[in-house]
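Numbering (this note's numbering), first residue to last: 2 to 536.
Heads up, the beta-carbon is just placed ideally off N, CA and C, and yes, glycines get one too.
As the structure is a computational prediction, the values presented were derived from the model and not from experiment.
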Amino acid sequence: VVDYFENMRIENGFDCDTVYFEHLEGCWGNFFESGLAKAVELDFACKGIVSKTEDGVHAGSTFACYDEDADEDIDLILGDLAFGNLNRLLNGGDKTIANIVEQDTAFPAYDITYEEDIFPAPFLIDIDNDHKKDLLVSPNKQNISENFKNVAFYKNVSADDTYTFAFQEDSLFVSDMVDVGEGSRPVFFDHNNDGLMDIFIGNNGYYNSGDFITALALYENTGTESDPEFTLITRDYAGLSLYGFGNIAPAFTDLDGDGDEDMLVGTNEGHVQFFMNTASAGSSASFPSLTIANYQGIDPGISTTPQFVDVNEDGLVDLITGEQNGNLNYYENTGSAAAPLFSLMDELWGGVDVRIVGSTTGHSVPFLTKNNAGGWELYVGSESGTIFLYTPPSDFSGTFPKITSTFSNIDEGSFSSAQFFDITGDDTAELLTGNYRGGISLYRAEGTFVAIENFTTSVQIDIYPNPVINEISFSIYPPNVFRAIKIFDITGKQIKEHTLDTERTIDVSYLHTGIYILQFTSDTGFSVIKKMVKL
């Protein structure tokens, strides 16, 4: 049942900064949701206001309130923890006494019915600024709900004050972004030998009715040396989904000495899987099948994340692996270029530990590289979403100095990873990061990248007031970083551009009510995004 609480602030003489709710109804609308069926029970014999501790409560529901038929009472769109449909409940009462008399368990049955695996949440908002509230639907349960094509947009196409919804898309906000479901671990690899780095992204999986389909996505660089552009070629490169691996983390290196790079995949099970590149040198890579399962018995721990790099600079690639526990493992190549042999040398390499206080897991993802001064820098992604930076000594002895646990103040939310490569041909490496959400982020440095101090991250922008009615002001530090500000609506359409040389306050009174994106840009192309709410 639905409880109704009314704000009695005025009746009780409270000021506008106070809300005071009184519980007036214990069975609003006279219906009952059992959680055992998609339909609710109408004309339910209510008991009035009862103690929830005595009778128990339903495990979970979501609903959006609106007046579908413009008759001045409240109708509902209902989602349920146990099902994937929406149920529209029509109120046949009035504004004072609610009585649900009709339901549509395949809502909107007159258009394309919304259906996901479990527990949808409906929201009503004017997404396209046409002064009509549209319907958005997304999952309301983490880990056991759709994580790809999971934000449905139904446009309100009614010509009057009623509501009629027409399906528009299932990937609102992210249709033009990289999205590989849950978890992303991107790496650079030139798969077609055209001299342009492509992006491969391993994931935790695409949710599919209680299971996860784990795969490797390929975004090919179809741009130029100075202006990269990445185009989705496949979401299941080399058919990795067929093997049933979990949480795959790709790495590429030549392990058979034939001049081309082979593919190795770390998995949730703690192993490394070897796929030999059967293409001839200079051709597009080809990995027709799994060559060696559980390669060399390497098993550092759950959620293995490998990186191959010549640590001891003997001309042979060595292996560093991250894992669920948050530490790093170092395997030295004691074999040869054509017949490598990876021997475990240190299970707690450099004393690296990316767990945060109170956590038993850290999910480390290593990236070891040299800076322009020739020194080693070790970047480690983490479960906490930040990137740790260590500066190992040249002989990699002892505990590595930890420079920061929040490199460049980057926070990807959770399960971050880091990859550096110069993809714009300006002799400055870009930073590519993965995250739990299944997207990727690209960061660009200004100037010569040597260490953390040179990375452009110390910019502070404050916008006020926000929400705004007429004028919005900016406080920017350093003051002369940005030259322009662009205003976009929520669909990505640019509304206006302002020069920031002189302006620190701009008029936004002409904008419709809604959410807008502000993009502050510098002469070098560096930009910062802020959100603005227009009342």
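Task: Member of 86, 17, 28 and 78 whose CA lies at the smallest distance from the CA of residue 38 - done: Along the sequence shown, one-based indexing puts residue 38 at 37. It is 86.
Task: beta strand (DSSP E) segments (min. 3 residues) lying fully within the region 149-208 - done: 153-157, 166-170 and 183-190, all fully within the region 149-208.
- [ ] Tell me, to the nearest whole angstrom, how far the beta carbon of residue 439 is from that of residue 247; I am working on the premise that it is less than 8 Å.
- [x] On the sequence shown, position 438 is the one that residue 439 refers to. On the sequence shown, position 246 is the one that residue 247 refers to. Contact flag wrong, Cβ pair sits at about 15 Å.
TODO: Locate the beta strand (DSSP E) running through residue 288, then write down its first and last residues.
DONE: Position 287 of the sequence shown holds residue 288. Note, residue 288: premise wrong, no beta strand (DSSP E); not H, not E.
TODO: Could you name the residues of the same chain whose beta carbon sits closer than 8 Å to that of residue 65, not counting the 5 residues immediately before and after it, in chain order?
DONE: To locate residue 65, count along the sequence shown from 1; it is residue 64. The residues are 77, 78, 123, 124, 125 and 136.
Task: residue 462 to residue 421 span [Cα, whole Å] - done: To locate residue 462, count along the sequence shown from 1; it is residue 461. To locate residue 421, count along the sequence shown from 1; it is residue 420. Spanning the two alpha carbons is a distance of roughly 26 Å.
- [ ] Look at residue 177 and residue 153 and say whether their C-beta atoms are less than 8 Å apart.
- [x] Here residue 177 is taken as the residue at index 176 of the sequence shown, counted from 1. Here residue 153 is taken as the residue at index 152 of the sequence shown, counted from 1. Note that the C-beta distance between residue 177 and residue 153 is not below 8 Å.
Task: residue 528 (DSSP reduced to helix, strand or coil) - done: Within the sequence shown, numbered from 1, the residue matching residue 528 stands at position 527. Three-state DSSP puts residue 528 in a strand.
Open item on the list: Which of the three DSSP states is assigned to residue 454 in this structure?
Closed with: In the sequence shown, counting from the first residue as 1, residue 454 sits at position 453. Residue placement at residue 454 is flagged as unreliable, the pLDDT there being 35, under the threshold of 50; the coordinate-derived value follows with that caveat. Helix.
Open item on the list: Would residue 341 and residue 322 be called neighbours here (beta carbons separated by less than 8 Å)?
Closed with: The residue labelled residue 341 in the question sits at position 340 within the sequence shown. The residue labelled residue 322 in the question sits at position 321 within the sequence shown. For residue 341 and residue 322, no; Cβs fall outside 8 Å.
Open item on the list: Within a Cβ cutoff of 7 Å, which residues of the same chain sit near residue 368, ignoring the five residues on either side of it in sequence?
Closed with: Residue mapping note: residue 368 aligns to position 367 of the sequence shown, counting from 1. Around residue 368, the same chain offers 308, 380, 419, 420 and 421 as residues with beta carbons nearer than 7 Å, after the five sequence neighbours per side are excluded.
- [ ] Label residue 505 either buried or exposed according to how many other C-beta atoms from any shown protein chain fall within 10 Å of its C-beta, with 16 as the threshold for buried.
- [x] As a working note, residue 505 is residue 504 in the sequence shown. An exposed status is given to residue 505, since fewer than 16 other beta-carbon atoms sit within 10 Å of its beta-carbon.
Task: Spatially closest choice to residue 118 from 149, 349 and 130, by CA coordinates - done: Here residue 118 refers to the residue found at position 117 of the sequence shown. Of 149, 349 and 130, the smallest CA-CA separation from residue 118 is found for 149.
- [ ] Between the Cα of residue 120 and those of 145, 112 and 403, spot the shortest distance and give me the residue it belongs to.
- [x] By one-based count along the sequence shown, residue 120 stands at place 119. The option with the nearest alpha carbon to residue 120 is 145.
TODO: Taking the CB atoms as reference points, tell me whether residue 284 and residue 141 lie closer together than 8 Å.
DONE: Start at 1 with the first residue of the sequence shown, and residue 284 comes out as number 283. Start at 1 with the first residue of the sequence shown, and residue 141 comes out as number 140. The beta carbons of residue 284 and residue 141 sit no closer together than 8 Å.
TODO: Mind the definition here: the region 257-275 touches the region 349-365 only if three or more C-beta pairs lie below 8 Å; say whether that holds.
DONE: No, the region 257-275 does not touch the region 349-365.
- [ ] Pull up the CB-CB distance for residue 241 and residue 249, whole angstroms please, since I reckon it's below 8 Å.
- [x] On the sequence shown, position 240 is the one that residue 241 refers to. On the sequence shown, position 248 is the one that residue 249 refers to. Indeed, because the Cβ distance is near 6 Å, the residues count as touching under 8 Å.
TODO: Could you tell me which residues DSSP puts in a beta bridge with residue 348?
DONE: Counted from its first residue, the sequence shown places residue 348 at position 347. The secondary-structure analysis by DSSP pairs residue 348 with nothing; it has no beta-bridge partner.
- [ ] Taking residue 530 as the reference, give the member of 409, 536 and 464 with the closest Cα.
- [x] As a position in the sequence shown, residue 530 is number 529, starting the count at 1. The shortest Cα separation from residue 530 among 409, 536 and 464 belongs to 464.
Task: residue 332 - DSSP class collapsed to helix/strand/coil - done: As a working mapping, residue 332 is identified with position 331 in the sequence shown. In the structure shown, residue 332 adopts extended strand secondary structure according to DSSP, grouped into three states.
Task: Other residues of its chain near residue 495: CB distance less than 8 Å, five sequence neighbours each side excluded - done: The residue labelled residue 495 in the question sits at position 494 within the sequence shown. So the qualifying residues of the chain are 487, 488 and 489.
Task: Whole-Å CB distance - residue 424 paired with residue 431, under 8 Å assumed - done: By 1-based counting over the sequence shown, the position of residue 424 is 423. By 1-based counting over the sequence shown, the position of residue 431 is 430. The Cβ separation is near 5 Å, so the contact holds.
Task: C-beta atoms of residue 220 and residue 214 nearer than 8 Å - done: Along the sequence shown, one-based indexing puts residue 220 at 219. Along the sequence shown, one-based indexing puts residue 214 at 213. No, the pair does not count as a contact, with Cβ atoms beyond the cut-off.
TODO: Can you tell me which of the three DSSP states residue 448 falls into?
DONE: Locating residue 448 in the sequence shown gives position 447, where the first residue counts as 1. Low per-residue confidence applies at residue 448: pLDDT is 44, beneath 50, and the placement is therefore not dependable enough to give any value.
Open item on the list: Between residue 284 and chain C, is any beta-carbon pair separated by less than 8 Å?
Closed with: Absent here is chain C; the protein component of the structure consists of one chain.
Open item on the list: Please list the terminal residues of the continuous beta strand (DSSP E) segment that includes residue 63.
Closed with: Locating residue 63 in the sequence shown gives position 62, where the first residue counts as 1. Where residue 63 is concerned, the enclosing beta strand (DSSP E) stretches over 62-67.
- [ ] Could you please give me the residues that DSSP links to residue 22 through a beta bridge?
- [x] Numbered from its first residue, the sequence shown carries residue 22 at position 21. Looking at the DSSP assignment, residue 22 forms a beta bridge with 8.
Open item on the list: With distance defined between alpha-carbon atoms, name the residue in 143, 278 and 132 nearest to residue 159.
Closed with: Your numbering for residue 159 matches position 158 in the sequence shown. Of the listed residues, the one whose Cα sits closest to residue 159 is 132.
Open item on the list: So for residue 274, helix, strand or coil by DSSP?
Closed with: Within the sequence shown, the letter at position 273 stands for residue 274. Looking at residue 274 - three-state DSSP - the assignment turns out to be strand.
Task: Residues that DSSP places opposite residue 377 in a beta bridge - done: Counting from 1 along the sequence shown, the entry for residue 377 is found at position 376. Bridge partners of residue 377 according to DSSP: 371.
- [ ] Run the CB neighbour count on residue 89, radius 10 Å, all protein chains shown included, and call it buried at 16 or more, exposed below.
- [x] Position 88 of the sequence shown holds residue 89. Counting other Cβ atoms within 10 Å of its Cβ, residue 89 reaches 16 or more and is therefore classed as buried.
- [ ] Report the residue from 83, 374, 288 and 382 whose alpha carbon sits nearest the alpha carbon of residue 329.
- [x] Position 328 of the sequence shown, counted from the start, is the residue given in the question as residue 329. Comparing Cα positions, the closest option is 382.
- [ ] State yes or no: is the C-beta of residue 239 within less than 8 Å of the C-beta of residue 261?
- [x] Your numbering for residue 239 matches position 238 in the sequence shown. Your numbering for residue 261 matches position 260 in the sequence shown. Taking 8 Å as the Cβ cut-off, residue 239 and residue 261 do not qualify as a contacting pair.
Open item on the list: Just verifying my parser: in three-state terms, what is the DSSP assignment at residue 515?
Closed with: Taking the sequence shown and counting its residues from 1, the one referred to as residue 515 is at position 514. Assignment of residue 515 by DSSP, reduced to helix, strand and coil, places it in the strand class.
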